[in-house]
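Undergrad: Numbering (full-length UniProt numbering), first residue to last: 1 to 85.
Ideal placement from N, C-alpha and C gives every residue a C-beta, glycine not left out.
Pasting a structure below so you can have a look.
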């Protein structure tokens, strides 16, 4: 049976965040998840596409703004652009 939305969402959050890692690591990771999501969607793998897009969105919208270096490494323009992803 296909996974439920809540199961996919839970999978998306599994081992997603370690506050000790650098901000740039998570910026690259969010971009990787976005690209992976596009590839999965193009291949018709909707479950993995959902998980990848959810991971990218969670990092960019929820986790990165809480990172200790968010306000120092990124300028106002970069932070604004992240909100548009």
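Could you tell me the distance, in whole angstroms, from the CA atom of residue 64 to the CA atom of residue 1?
TA: Their backbone Cα atoms lie some 34 Å apart in a straight line.
Undergrad: Would you identify the three-state DSSP class for residue 23, choosing helix, strand or coil?
TA: Three-state result, residue 23: helix.
Undergrad: Compute the distance between the beta-carbons of residue 72 and residue 12, then report whether it is under 8 Å.
TA: No.
Undergrad: Kindly indicate which three-state DSSP category residue 11 falls into: helix, strand or coil?
TA: In this structure, residue 11 counts as helix in the three-state DSSP scheme.
Undergrad: Compute the distance between the beta-carbons of residue 52 and residue 33, then report whether it is under 8 Å.
TA: For residue 52 and residue 33, yes; Cβs fall inside 8 Å.
Undergrad: Note down, in chain order, each residue of its chain lying with its Cβ closer than 7 Å to the Cβ of residue 28, except the 5 sequence neighbours on either side.
TA: Closer than 7 Å at Cβ, skipping near neighbours: no residue.
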